[in-house]
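Position 213, counted from 1, in the sequence shown is what the working numbering calls 220; the numbers after and before it change by one each time, with no gaps. Positions of the beta carbon are idealized from the N, C-alpha and C atoms, including for glycine. Here the structure is a predicted model, which is why all the values come from computation and not from measurement.
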Amino acid sequence: MPNKCPHCGDTGYVLIERDGMTSARRCECRAETRSANIWQTAGVPPNFQNDSFDNFRVPSEREHPIAHSILSQAMTIAAGFAMEFPLAPKPGLLFAGDAGCGKTHLAVATVRRLIEKGFDTVFWDYQTLIEQIRASYDPETRGSNKDAYQSALDAEVLMLDDLGAYRSSDWVEDVVTGIITHRCNHRKPLIATTNLPDVEMGGKDVTRMTESAAKYDLRKTLTEQIGMRARSRLFEMCTIVKMFGAPDYRVQASRR
Numbered sequence: 008m009p010n011k012c013p014h015c016g017d018t019g020y021v022l023i024e025r026d027g028m029t030s031a032r033r034c035e036c037r038a039e040t041r042s043a044n045i046w047q048t049a050g051v052p053p054n055f056q057n058d059s060f061d062n063f064r065v066p067s068e069r070e071h072p073i074a075h076s077i078l079s080q081a082m083t084i085a086a087g088f089a090m091e092f093p094l095a096p097k098p099g100l101l102f103a104g105d106a107g108c109g110k111t112h113l114a115v116a117t118v119r120r121l122i123e124k125g126f127d128t129v130f131w132d133y134q135t136l137i138e139q140i141r142a143s144y145d146p147e148t149r150g151s152n153k154d155a156y157q158s159a160l161d162a163e164v165l166m167l168d169d170l171g172a173y174r175s176s177d178w179v180e181d182v183v184t185g186i187i188t189h190r191c192n193h194r195k196p197l198i199a200t201t202n203l204p205d206v207e208m209g210g211k212d213v214t215r216m217t218e219s220a221a222k223y224d225l226r227k228t229l230t231e232q233i234g235m236r237a238r239s240r241l242f243e244m245c246t247i248v249k250m251f252g253a254p255d256y257r258v259q260a261s262r263r
């Protein structure tokens, strides 16, 4: 039989005596249980389950001065947002950088801190979200997918990974604009990542040579993929965490 909490005896509340008055506050054991439950239902994929600020690797300045500057600044912004939340100046963060630079790690680390504070969070891979919303229009699958769009609207905190990573169309643009506009208008927090270039956040040379000088990077811009209206709202509600220029650590790790 498990031991009772030494602070509240498993009642969930601790009595506090102050100035001759007795009051009650929620015990930390319940807060920890709530955080664990939120994390289990948030939908963070197994590949990112252990991501936190504690294990985010920032190379030393001697090892890689450019990466040190970019990643240390990104981590400072993310950790500061999580500490101030929900009183941060803007209700969202947009991590923008090339593949493998640590965007999703920092985004999940931020979400982890918010969950520890007791905020309900929903994680969606952008492509999966769009596909499930599209499937909700199919009468044969509507029952299992009809809640995807609503969850993106209503989540207390929404994390969108790989924003814009879906073939663009008027329908997709309308869906994304609807979600971002709703969350912006209601100051509902959004944590997002993208590797799409944008003039104001880096990676602005849409056509450029890769490291091998054998292929061209022909990525569309963020605006081309999600539309001008969604992009405008996104920048209105999010602090931009610029990570373009940091190396792909997934590739580096595979070479060790």
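ask   = For the beta strand (DSSP E) that contains M166, what are its first and last residues?
value = The count along the sequence shown starts at 1 and reaches residue 166 at position 159. Where M166 is concerned, the enclosing beta strand (DSSP E) stretches over 164-168.
task = Give me the Cβ distance between V129 and A49, rounded to the nearest whole Å; I'm assuming they're in contact under 8 Å.
result = Here residue 129 corresponds to residue number 122 of the sequence shown, with the count starting at 1. Here residue 49 corresponds to residue number 42 of the sequence shown, with the count starting at 1. Between the beta-carbon of V129 and that of A49 there is about 6 Å, and that keeps the pair under the 8 Å contact cut.
query = To the nearest angstrom, how far is it from the Cα of Q157 to the Cα of R25?
reply = By one-based count along the sequence shown, residue 157 stands at place 150. By one-based count along the sequence shown, residue 25 stands at place 18. Rounded to the nearest angstrom, the two C-alpha atoms are 44 Å apart.
query = Under the three-state reduction of DSSP, which class applies to K110: helix, strand or coil?
reply = The residue given as residue 110 occupies position 103 in the sequence shown. In this structure, K110 counts as helix in the three-state DSSP scheme.
query = What's the C-alpha gap between D127 and D154?
reply = Indexing the sequence shown from 1 puts residue 127 at position 120. Indexing the sequence shown from 1 puts residue 154 at position 147. Approximately 16 Å between the Cα atoms of the pair.
task = Would you identify the three-state DSSP class for A253, choosing helix, strand or coil?
result = By one-based count along the sequence shown, residue 253 stands at place 246. The answer is coil: DSSP assigns A253 none of H, G, I, E or B.
query = By a C-beta neighbour count over all protein chains shown, 10 Å radius and 16 as the cutoff for buried, is D205 buried or exposed?
reply = Here residue 205 refers to the residue found at position 198 of the sequence shown. Buried, since its Cβ has 16 or more Cβ neighbours within 10 Å.
task = Flag this pair as yes or no: are the beta carbons of T200 and D169 separated by less than 9 Å?
result = For the purposes of this step, residue 200 is identified with residue 193 of the sequence shown, where counting begins at 1. For the purposes of this step, residue 169 is identified with residue 162 of the sequence shown, where counting begins at 1. In this structure, D169 lies closer than 9 Å to T200 by Cβ.
Integer Cβ distance of T117 from F55, believed to fall under 8 Å = The count along the sequence shown starts at 1 and reaches residue 117 at position 110. The count along the sequence shown starts at 1 and reaches residue 55 at position 48. About 12 Å; that fails the 8 Å criterion.
request  = Decide if N192 is buried, meaning its Cβ has at least 16 other Cβ atoms within 10 Å, or exposed.
outcome  = Here the question's residue 192 lines up with position 185 in the sequence shown. So N192 counts as exposed.
message = Please give me, in chain order, every unbroken run of the alpha helix (DSSP H) with length at least 4 that falls completely inside the stretch 52-138.
response = 72-91, 110-123
Burial state of D58 (16 or more Cβ within 10 Å) = Translated into the one-based positions of the sequence shown, residue 58 becomes position 51. Counting every other CB atom within 10 Å of its CB across the protein chains shown gives D58 a total of 16 or more, marking it as buried.
task = Look at N202 and A103 and say whether their C-beta atoms are less than 9 Å apart.
result = Taking the first residue of the sequence shown as position 1, residue 202 is located at position 195. Taking the first residue of the sequence shown as position 1, residue 103 is located at position 96. Contact flag set, yes.
key: Simplified DSSP assignment, three categories, for E207   = In the sequence shown, residue 207 corresponds to position 200, counting from 1. E207: coil per DSSP, three-state reduction.
message = In whole angstroms, give me the CA-to-CA distance for D105 and D132.
response = Here residue 105 corresponds to residue number 98 of the sequence shown, with the count starting at 1. Here residue 132 corresponds to residue number 125 of the sequence shown, with the count starting at 1. Going by the C-alpha atoms only, they are around 17 Å apart.
Chain-order list of residues whose beta-carbon lies under 6 Å from that of W162 (same chain, five-residue window excluded) = As a first step, residue 162 is located in the sequence shown; it is residue number 155 there, counting from the start. Residue 162 is actually Ala in this sequence, not Trp. These residues qualify, in order along the chain: V129.
ask   = Is the CB-CB distance between I140 and A159 below 9 Å?
value = Taking the first residue of the sequence shown as 1, we reach residue 140 at position 133. Taking the first residue of the sequence shown as 1, we reach residue 159 at position 152. In contact: I140 and A159 (Cβ atoms closer than 9 Å).
Span of the alpha helix (DSSP H), counted from its first residue to its last, around A159 = As a working note, residue 159 is residue 152 in the sequence shown. Run containing A159: 154-161, per the alpha helix (DSSP H) assignment.
ask   = Just reading off the beta strand (DSSP E) that A199 is part of, what are its end residues?
value = Here residue 199 corresponds to residue number 192 of the sequence shown, with the count starting at 1. Taken as a continuous stretch (DSSP letters only), the beta strand (DSSP E) holding A199 covers 197-201.
key: Check whether T246 and P93 have beta carbons under 9 Å apart   = For the purposes of this step, residue 246 is taken as residue 239 along the sequence shown, with counting starting at 1. For the purposes of this step, residue 93 is taken as residue 86 along the sequence shown, with counting starting at 1. Taking 9 Å as the Cβ cut-off, T246 and P93 do not qualify as a contacting pair.
ask   = Contact check, A237 vs A74 under 8 Å by CB: the rounded distance?
value = In the sequence shown, the residue the question calls residue 237 occupies position 230. In the sequence shown, the residue the question calls residue 74 occupies position 67. Approximately 30 Å separates the beta-carbon atoms of A237 and A74; this is outside 8 Å, ruling out the contact.
request  = Report yes if the C-beta distance between I233 and I187 is below 9 Å; otherwise report no.
outcome  = Position 226 of the sequence shown, counted from the start, is the residue given in the question as residue 233. Position 180 of the sequence shown, counted from the start, is the residue given in the question as residue 187. The answer is yes: Cβ separation under 9 Å.
message = Check for me: the alpha helix (DSSP H) holding R238 runs from which residue to which?
response = What you label residue 238 is simply residue 231 of the sequence shown in a count that begins at 1. Its alpha helix (DSSP H) spans residues 235-244.
query = Which residue's Cα is closest to the Cα of V164: E70, R120, Y144, Y173?
reply = Locating residue 164 in the sequence shown gives position 157, counting from the first residue. Residue R120 is the option with its Cα nearest to V164.
ask   = So what's R190 in DSSP terms, helix, strand or just coil?
value = For this step, residue 190 is matched to residue 183 along the sequence shown. Looking at R190 - three-state DSSP - the assignment turns out to be helix.
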